[in-house]
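In our numbering, the protein residues as written are 24 to 227. Backbone N, C-alpha and C define an ideal beta-carbon position, used for all residues, glycine too. A short worksheet on the structure shown next.
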(Lines of atoms letter the chains of each structure in order from A; the text may use other names.)
(Lines give C-alpha, C1' and ligand atoms only; values in the text may rest on other atoms or scores of the structure.)
Protein backbone atom coordinates (compact mmCIF):
# COMPACT_ATOMS: atom_id res chain seq x y z
CA UNK A 24 0.00 0.00 0.00
CA UNK A 25 1.07 3.58 -0.57
CA UNK A 26 1.96 5.41 2.63
CA UNK A 27 -0.80 7.92 1.94
CA UNK A 28 -3.42 5.15 2.19
CA UNK A 29 -2.37 4.06 5.67
CA UNK A 30 -4.38 5.92 8.28
CA UNK A 31 -2.73 6.24 11.68
CA UNK A 32 -5.47 8.48 13.12
CA UNK A 33 -9.08 7.32 12.89
CA UNK A 34 -12.49 8.26 14.22
CA UNK A 35 -14.09 5.79 16.63
CA UNK A 36 -17.13 7.89 17.50
CA UNK A 37 -17.86 11.57 16.99
CA UNK A 38 -16.30 12.31 20.40
CA UNK A 39 -13.45 9.75 20.35
CA UNK A 40 -10.46 9.36 18.07
CA UNK A 41 -7.54 6.91 18.02
CA UNK A 42 -3.91 7.20 17.00
CA UNK A 43 -2.16 3.87 16.40
CA UNK A 44 1.40 2.62 16.04
CA UNK A 45 2.40 -0.94 15.22
CA UNK A 46 0.88 -3.76 13.19
CA UNK A 47 -1.86 -2.30 11.01
CA UNK A 48 -3.84 -5.56 10.89
CA UNK A 49 -3.96 -5.63 14.69
CA UNK A 50 -4.87 -1.95 14.87
CA UNK A 51 -7.82 -2.48 12.53
CA UNK A 52 -9.10 -5.28 14.77
CA UNK A 53 -8.86 -3.07 17.85
CA UNK A 54 -10.44 -0.05 16.16
CA UNK A 55 -13.31 -2.14 14.81
CA UNK A 56 -13.91 -3.42 18.36
CA UNK A 57 -13.85 0.12 19.75
CA UNK A 58 -16.42 1.27 17.20
CA UNK A 59 -18.71 -1.68 17.92
CA UNK A 60 -18.50 -1.07 21.67
CA UNK A 61 -19.40 2.61 21.23
CA UNK A 62 -22.35 1.74 18.99
CA UNK A 63 -23.63 -0.95 21.35
CA UNK A 64 -23.37 1.42 24.31
CA UNK A 65 -25.43 4.03 22.46
CA UNK A 66 -28.13 1.54 21.49
CA UNK A 67 -28.39 0.09 25.01
CA UNK A 68 -28.03 3.23 27.15
CA UNK A 69 -28.94 6.00 24.68
CA UNK A 70 -25.81 7.92 25.62
CA UNK A 71 -22.26 8.28 24.34
CA UNK A 72 -19.66 5.96 25.81
CA UNK A 73 -16.98 7.56 27.97
CA UNK A 74 -13.43 7.56 26.64
CA UNK A 75 -12.21 5.43 29.54
CA UNK A 76 -14.99 2.85 29.09
CA UNK A 77 -14.24 2.65 25.37
CA UNK A 78 -10.56 1.99 26.10
CA UNK A 79 -11.39 -0.64 28.71
CA UNK A 80 -13.86 -2.43 26.43
CA UNK A 81 -11.37 -2.43 23.57
CA UNK A 82 -8.59 -3.85 25.71
CA UNK A 83 -10.91 -6.59 26.98
CA UNK A 84 -10.86 -8.36 23.60
CA UNK A 85 -7.25 -9.28 24.27
CA UNK A 86 -8.21 -11.20 27.40
CA UNK A 87 -11.35 -12.84 26.05
CA UNK A 88 -13.84 -10.68 27.97
CA UNK A 89 -15.50 -9.38 24.83
CA UNK A 90 -14.33 -11.79 22.14
CA UNK A 91 -17.05 -13.64 20.26
CA UNK A 92 -16.21 -17.03 21.73
CA UNK A 93 -14.94 -15.70 25.05
CA UNK A 94 -11.42 -17.03 24.42
CA UNK A 95 -8.34 -14.95 25.11
CA UNK A 96 -6.10 -14.06 22.16
CA UNK A 97 -3.20 -16.44 21.50
CA UNK A 98 -0.75 -13.53 21.42
CA UNK A 99 -0.68 -9.88 22.47
CA UNK A 100 -1.73 -7.33 19.89
CA UNK A 101 1.31 -5.71 18.34
CA UNK A 102 -0.06 -2.20 18.53
CA UNK A 103 -0.02 0.82 20.81
CA UNK A 104 -3.09 3.05 20.79
CA UNK A 105 -3.92 6.52 22.03
CA UNK A 106 -7.60 7.04 22.81
CA UNK A 107 -8.40 10.77 22.74
CA UNK A 108 -11.81 12.24 23.29
CA UNK A 109 -14.17 14.50 25.16
CA UNK A 110 -16.87 13.23 27.52
CA UNK A 111 -18.66 14.37 30.67
CA UNK A 112 -15.29 14.56 32.45
CA UNK A 113 -13.83 16.84 29.80
CA UNK A 114 -10.81 16.12 27.56
CA UNK A 115 -9.44 12.60 28.07
CA UNK A 116 -6.33 10.83 26.78
CA UNK A 117 -5.50 7.16 27.40
CA UNK A 118 -2.52 5.14 26.22
CA UNK A 119 -2.82 1.39 25.65
CA UNK A 120 0.37 -0.61 25.17
CA UNK A 121 0.67 -4.08 23.54
CA UNK A 122 0.40 -5.78 26.94
CA UNK A 123 -3.13 -4.46 27.36
CA UNK A 124 -2.24 -1.94 30.06
CA UNK A 125 -3.81 1.49 29.71
CA UNK A 126 -2.87 4.69 31.53
CA UNK A 127 -4.28 8.22 31.45
CA UNK A 128 -2.00 11.04 30.27
CA UNK A 129 -2.15 14.78 29.64
CA UNK A 130 0.22 14.38 26.68
CA UNK A 131 1.67 11.18 25.24
CA UNK A 132 3.87 10.12 22.30
CA UNK A 133 3.88 6.65 20.71
CA UNK A 134 5.81 4.98 17.91
CA UNK A 135 9.43 5.24 16.80
CA UNK A 136 11.25 8.07 18.49
CA UNK A 137 8.59 8.24 21.19
CA UNK A 138 11.07 8.42 24.09
CA UNK A 139 12.65 11.63 22.85
CA UNK A 140 9.28 12.99 21.79
CA UNK A 141 7.78 12.25 25.20
CA UNK A 142 10.56 14.13 26.95
CA UNK A 143 9.98 17.13 24.70
CA UNK A 144 6.23 16.91 25.31
CA UNK A 145 6.75 17.02 29.06
CA UNK A 146 8.92 20.12 28.67
CA UNK A 147 6.59 21.97 26.29
CA UNK A 148 3.10 20.95 27.41
CA UNK A 149 1.02 22.98 29.85
CA UNK A 150 -2.72 22.91 30.50
CA UNK A 151 -3.23 26.54 29.49
CA UNK A 152 -1.99 25.96 25.91
CA UNK A 153 -4.28 27.07 23.12
CA UNK A 154 -5.25 24.59 20.41
CA UNK A 155 -2.98 26.38 17.95
CA UNK A 156 -0.05 26.28 20.38
CA UNK A 157 -0.59 22.58 21.06
CA UNK A 158 -0.72 21.81 17.33
CA UNK A 159 2.47 23.77 16.66
CA UNK A 160 4.24 22.12 19.60
CA UNK A 161 3.24 18.63 18.45
CA UNK A 162 4.44 19.26 14.90
CA UNK A 163 7.68 20.82 16.15
CA UNK A 164 8.42 17.72 18.22
CA UNK A 165 7.44 15.44 15.34
CA UNK A 166 9.85 17.31 13.08
CA UNK A 167 12.64 16.72 15.59
CA UNK A 168 12.17 12.94 15.74
CA UNK A 169 11.14 12.13 12.14
CA UNK A 170 13.83 11.29 9.61
CA UNK A 171 11.69 12.47 6.69
CA UNK A 172 10.80 16.07 5.99
CA UNK A 173 7.31 16.81 7.21
CA UNK A 174 4.64 17.46 4.59
CA UNK A 175 0.92 17.01 4.11
CA UNK A 176 1.45 13.51 2.67
CA UNK A 177 3.27 11.96 5.64
CA UNK A 178 1.64 13.85 8.52
CA UNK A 179 -1.88 13.57 9.90
CA UNK A 180 -3.32 16.07 12.38
CA UNK A 181 -6.50 15.60 14.38
CA UNK A 182 -8.05 17.95 16.92
CA UNK A 183 -10.84 17.33 19.40
CA UNK A 184 -12.93 20.21 20.77
CA UNK A 185 -16.28 20.41 22.58
CA UNK A 186 -17.84 22.16 19.57
CA UNK A 187 -16.35 20.29 16.59
CA UNK A 188 -15.41 17.02 18.32
CA UNK A 189 -13.31 14.84 15.96
CA UNK A 190 -11.73 16.95 13.22
CA UNK A 191 -9.08 15.77 10.77
CA UNK A 192 -6.98 18.49 9.16
CA UNK A 193 -7.17 18.74 5.39
CA UNK A 194 -3.90 18.71 3.45
CA UNK A 195 -4.18 22.48 3.15
CA UNK A 196 -4.62 22.86 6.91
CA UNK A 197 -1.62 20.62 7.55
CA UNK A 198 0.52 22.73 5.21
CA UNK A 199 -0.59 25.91 6.99
CA UNK A 200 0.27 24.38 10.37
CA UNK A 201 3.71 23.34 9.09
CA UNK A 202 4.28 26.90 7.85
CA UNK A 203 3.62 28.16 11.39
CA UNK A 204 6.23 25.73 12.70
CA UNK A 205 8.77 27.00 10.17
CA UNK A 206 7.99 30.64 11.02
CA UNK A 207 8.35 29.93 14.74
CA UNK A 208 11.69 28.17 14.21
CA UNK A 209 12.92 31.07 12.07
CA UNK A 210 11.93 33.55 14.78
CA UNK A 211 13.80 31.55 17.42
CA UNK A 212 16.82 31.34 15.13
CA UNK A 213 16.83 35.10 14.62
CA UNK A 214 16.55 35.63 18.39
CA UNK A 215 19.49 33.29 19.07
CA UNK A 216 21.52 35.20 16.50
CA UNK A 217 20.74 38.52 18.21
CA UNK A 218 21.63 37.12 21.64
CA UNK A 219 24.87 35.62 20.30
CA UNK A 220 25.87 38.94 18.72
CA UNK A 221 25.12 40.78 21.96
CA UNK A 222 27.28 38.33 23.91
CA UNK A 223 30.19 38.81 21.51
CA UNK A 224 29.87 42.59 21.80
CA UNK A 225 29.82 42.41 25.60
CA UNK A 226 32.92 40.19 25.64
CA UNK A 227 34.79 42.67 23.46
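Item to check | Backbone secondary structure at residue 48 - three-state DSSP | outcome: Helix, per DSSP.
Next on the checklist: Just verifying my parser: in three-state terms, what is the DSSP assignment at residue 117?
Outcome noted: Here residue 117 sits in strand by DSSP.
Item to check | Every unbroken alpha helix (DSSP H) within the region 164–221, with a cutoff of 4 residues, ordered by chain | outcome: Fully enclosed alpha helix (DSSP H) runs of 4 or longer: not present.
Next on the checklist: In whole angstroms, give me the CA-to-CA distance for residue 100 and residue 126.
Outcome noted: The straight-line gap from Cα to Cα measures roughly 17 Å.
Next on the checklist: For residue 103 and residue 44, what's the separation of their Cα atoms in angstroms?
Outcome noted: Distance between the alpha carbons of residue 103 and residue 44: 5 Å.
Next on the checklist: For a test of the three-state rule: what should DSSP assign to residue 42, helix, strand or coil?
Outcome noted: Looking at residue 42 - three-state DSSP - the assignment turns out to be strand.
Item to check | Simplified DSSP state of residue 100, which is helix, strand or coil | outcome: Coil, per DSSP.
Next on the checklist: Rounding to the nearest angstrom, what Cα-Cα distance links residue 22 and residue 160 in this structure?
Outcome noted: This structure leaves residue 22 out entirely; the chain is present only between 24 and 227.
Next on the checklist: My output table needs one value for residue 66: the three-state DSSP class, helix, strand or coil.
Outcome noted: Residue state, collapsed to three classes: helix.
Next on the checklist: In whole angstroms, give me the CA-to-CA distance for residue 83 and residue 176.
Outcome noted: Answer to the nearest angstrom: the Cα atoms are 34 Å apart.
Next on the checklist: With distance defined between alpha-carbon atoms, name the residue in 112, 106 and 207 nearest to residue 33.
Outcome noted: Considering only alpha carbons, the answer is 106.
Next on the checklist: Taking 8 Å as the limit between beta carbons, can you name the residues of its chain near residue 154, skipping five residues before and five after?
Outcome noted: A distance below 8 Å between beta-carbons, with the five flanking residues on each side excluded, links residue 154 to the following residues of its chain, in chain order: 182 and 184.
Checklist entry - Can residue 81 and residue 60 be called in contact, C-beta distance under 8 Å? => result Yes, they are a contact pair.
Checklist entry - Applying the criterion that 16 or more other CB atoms from any shown protein chain within 10 Å of the CB defines a buried residue, is residue 56 buried or exposed? => result By the C-beta density criterion, residue 56 is buried, having at least 16 other C-beta atoms within 10 angstroms.
Checklist entry - What residues are listed by DSSP as bridge partners for residue 105? => result Looking at the DSSP assignment, residue 105 forms a beta bridge with 42 and 118.
Checklist entry - What did DSSP end up calling residue 32 once you bin it into helix, strand or coil? => result In the structure shown, residue 32 sits in a strand (DSSP, three-state: E or B).
Checklist entry - Exposed or buried, what is residue 131 when buried is set at 16 or more other beta-carbons lying within 10 Å of its beta-carbon? => result With 16 or more Cβ atoms within 10 Å of its Cβ, residue 131 is classed as buried.
Next on the checklist: Please classify residue 46 as buried or exposed, where buried requires at least 16 other C-beta atoms within 10 Å of its C-beta.
Outcome noted: The C-beta of residue 46 has fewer than 16 other C-beta atoms within 10 Å across all chains shown, which makes the residue exposed.
Checklist entry - Ends of the alpha helix (DSSP H) at residue 146? => result It spans 137–147 - the alpha helix (DSSP H) in which residue 146 sits, taken as one unbroken run.
Checklist entry - How about residue 67 and residue 115: are their beta carbons less than 8 Å apart? => result Taking 8 Å as the Cβ cut-off, residue 67 and residue 115 do not qualify as a contacting pair.
Item to check | Proximity winner among 129, 119 and 193, relative to residue 174 (alpha-carbon distances) | outcome: Nearest option by C-alpha distance: 193.
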